[in-house]
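Participant: A single structure is presented below for examination.
In our numbering, the protein residues as written are 1088 to 1535.
Okay, here's the thing in structure tokens:
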């Protein structure tokens, strides 16, 4: 039943994409793993990538507003409905740095035998001075050795005005402990995003080979109205239609519906329709998915999500991961629960729910806090690292990971103390300082 969870997360990511177009959309049954599939599939991975990197002005203003006490999204729990009761399935935990950006995302699965949450998957994010993500590193949990193993990463490039231009992904070759190019997206703009060209790495040629592209069209008000995707046919040397997604809006510019079609032989084949409904406050309260019936105008209900909100907290009082921040146009209050239903033999059957958890945090002076680069010195280092921080906490747990994602050092350190690194080979490392389960600082260090 992870399908339900990923469908819900897809909805959140998809709402972000309507304001900033993404790349390719699949039938709902193929899209279900968009959030947790370790981003190995080219078409679903880009949906997360672009949404994650386009932080809206509305969000950026949150951290600059007079509001200092905010509600921080800490985690979410997915529960499946089975035999008349709900059961734990999955938990997602978010950690943030001292400027309010998400630094890590952890996925835990529920172990029924041990009756506890166990590690499954992790994403770690690195940003530039402009708050743009420049790298995300994916890890899977090694149950045998009880450690995180890096297996996939993405690197991001931007223009001077912070427009995303390139995303390059790599798979880790376990035997050689090296990163192998896998996939690359190139973004082209005029006023808006016009196209994304996608390339696969050809090992024999040692070069990128074009494989796929998506083109975007807008109306006079610059609302996205059409995405058309094409597959490259290398033998014929031509582009062939793949799929298209049409956007339809209400008079007040709210997204009302989508229609997805795939190219079959010589015409477009209707595949899916989605409808969106909002309350008076502008919150998306219902998302319904339909499959095509016998005639083009006959759509059959397939799946729906009902969203609940806490009206006590407005959007400007929330500190949440960018994947939710990008949905600013589609909810104005605290999202607390999403419930999923499947239409079966004339009735809606309850599948389960996602519950979102928040905690109060004080962001006073968050823009003026010391940057993470000043926490560790010297950098580069050769024989020892010195750590210093302005926190009142006297000690933190230090973890250092190599580029393979292996934990190479783990110890408790005091403020203004030093750590010997003479036993670590030269290279790039990632360090984390944490207090219990709360990540405080994370950055790269170079040992030479």
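C-beta atoms are modelled at their ideal positions from N, C-alpha and C, and glycine is treated no differently. These numbers were taken from a predicted model, which means no experiment stands behind them.
Could you check whether the region 1171-1181 touches the region 1192-1209, counting it as contact only if at least three pairs of C-beta atoms, one from each stretch, sit closer than 8 angstroms?
Facilitator: yes
Participant: Please confirm if the region 1386-1396 is in contact with the region 1419-1435, defined as three or more CB-CB distances below 8 angstroms between the two stretches.
Facilitator: yes
Participant: Count the C-beta pairs between the region 1379-1390 and the region 1426-1446 that are closer than 8 angstroms, then say yes if the count reaches three, no if not.
Facilitator: yes
Participant: Applying the 10 Å Cβ sphere with the 16-neighbour rule, what's the burial state of residue 1464?
Facilitator: exposed
Participant: Tell me which residues share the same chain as residue 1284 and place their Cβ nearer than 6 angstroms to its Cβ, disregarding the 5 neighbours each side in the sequence.
Facilitator: 1273, 1300
Participant: Report yes or no: do three or more beta-carbon pairs, one from the region 1284-1297 and one from the region 1252-1270, lie closer than 8 angstroms?
Facilitator: yes
Participant: Rounded to whole angstroms, what is the Cα-Cα separation between residue 1357 and residue 1306?
Facilitator: 22 angstroms
Participant: Mapping the DSSP letters down to three states, classify residue 1333 as helix, strand or coil.
Facilitator: strand
Participant: Mark residue 1296 as exposed unless 16 or more other C-beta atoms lie within 10 angstroms of its C-beta, in which case mark it buried.
Facilitator: It counts as exposed.
Participant: Could you tell me if residue 1458 is buried or exposed, where buried requires 16 or more neighbouring beta carbons within 10 angstroms of its beta carbon?
Facilitator: Low local confidence applies: a pLDDT of 38 at residue 1458 is under 50, so the model's placement there is unreliable, with the coordinate-based value given in what follows. It is exposed - the Cβ of residue 1458 has fewer than 16 other Cβ atoms within 10 Å.
Participant: Given that a residue counts as buried once 16 or more other Cβ atoms are within 10 Å of its Cβ, and exposed if not, what is residue 1232?
Facilitator: exposed
Participant: Report the option in 1497, 1214, 1481, 1521 whose CA atom is closest to the CA atom of residue 1487.
Facilitator: The option with the nearest alpha carbon to residue 1487 is 1497.
Participant: Classify residue 1439: buried if its beta carbon has 16 or more other beta carbons within 10 angstroms, exposed otherwise.
Facilitator: The residue is buried, with at least 16 neighbouring Cβ atoms inside 10 Å.
Participant: Note the first and the last residue of the continuous beta strand (DSSP E) segment covering residue 1266.
Facilitator: 1265-1276
Participant: Within the same chain, show all residues whose beta-carbon is closer than 7 angstroms to that of residue 1471, passing over the 5 residues directly before and after it, in chain order.
Facilitator: Counting only residues of its own chain and dropping the five nearest sequence neighbours on each side, residue 1471 has a CB closer than 7 angstroms to the CB of 1505, 1506, 1507, 1508.
Participant: Starting from residue 1296, follow the beta strand (DSSP E) in both directions and report where the run begins and ends.
Facilitator: 1294-1305
Participant: Quick one: measure Cβ to Cβ for residue 1160 and residue 1371, integer angstroms, because I've assumed they're closer than 8 angstroms.
Facilitator: Contact doesn't hold; Cβ gap of about 17 angstroms is too wide.
Participant: List the whole-angstrom C-beta distance separating residue 1261 from residue 1494, where the pair is believed to meet the contact cut-off of C-beta under 8 angstroms.
Facilitator: Actually they are not in contact, since the Cβ atoms of residue 1261 and residue 1494 sit about 16 angstroms apart, beyond 8 angstroms.
Participant: Quick check: what's the CA-CA separation for residue 1254 versus residue 1298?
Facilitator: 15 angstroms
Participant: Would you call residue 1249 buried or exposed, if buried means 16 or more other Cβ atoms sit within 10 Å of its Cβ?
Facilitator: exposed
Participant: Give me, in chain order, the residues of the same chain whose beta-carbon lies closer than 7 angstroms to that of residue 1066; leave out the 5 immediate sequence neighbours on both sides.
Facilitator: The shown model of the chain, from 1088 to 1535, leaves out residue 1066, and the question about it has no answer.
Participant: So the beta strand (DSSP E) residue 1259 belongs to, where does it begin and stop?
Facilitator: Here the beta strand (DSSP E) through residue 1259 covers 1251-1260.
Participant: Apart from the five residues just before and just after residue 1335, which ones in its own chain have a Cβ nearer than 6 angstroms to its Cβ?
Facilitator: 1343, 1344
Participant: Only counting runs of 3 or more residues, tell me where the beta strand (DSSP E) segments fall wholly within the region 1328-1384, in order along the chain.
Facilitator: 1342-1351, 1354-1365, 1371-1379
Participant: Give a yes or no on whether the C-beta atoms belonging to residue 1503 and residue 1475 are separated by under 7 angstroms.
Facilitator: yes
Participant: Would you kindly check if the distance between the Cβ of residue 1479 and the Cβ of residue 1522 is under 7 angstroms?
Facilitator: no
Participant: Does the distance from the CB of residue 1282 to the CB of residue 1302 come in under 7 angstroms?
Facilitator: The Cβ atoms of residue 1282 and residue 1302 sit closer than 7 angstroms to each other.
Participant: Rounded to the nearest angstrom, what separates residue 1168 and residue 1444 at their Cα positions?
Facilitator: 20 angstroms
Participant: Residue 1234 lies in the beta strand (DSSP E); which residues open and close that run?
Facilitator: 1234-1245
Participant: I'd like to confirm something about residue 1254: is its beta-carbon nearer than 6 angstroms to some heavy atom of the ligand MN, or not?
Facilitator: The model depicted lacks the ligand MN and carries no ligand whatsoever.
Participant: Determine whether the Cβ of residue 1294 lies closer than 7 angstroms to any Cβ atom of chain D.
Facilitator: The chain labelled as chain D is not found in the depicted structure, where only one protein chain is given.
Participant: Tell me which residues share the same chain as residue 1152 and place their Cβ nearer than 7 angstroms to its Cβ, disregarding the 5 neighbours each side in the sequence.
Facilitator: Residue placement at residue 1152 is flagged as unreliable, the pLDDT there being 43, under the threshold of 50; a coordinate-derived value is accordingly withheld.
Participant: Below 8 angstroms on the Cβ atoms is my guess for residue 1209 versus residue 1192; work out the distance and round it to an integer in Å.
Facilitator: With a contact defined as Cβ atoms closer than 8 angstroms, residue 1209 and residue 1192 qualify at about 7 angstroms.
Participant: On a Cα-Cα basis, can you pick out the residue from 1223, 1229, 1359, 1228 that is closest to residue 1241?
Facilitator: 1223
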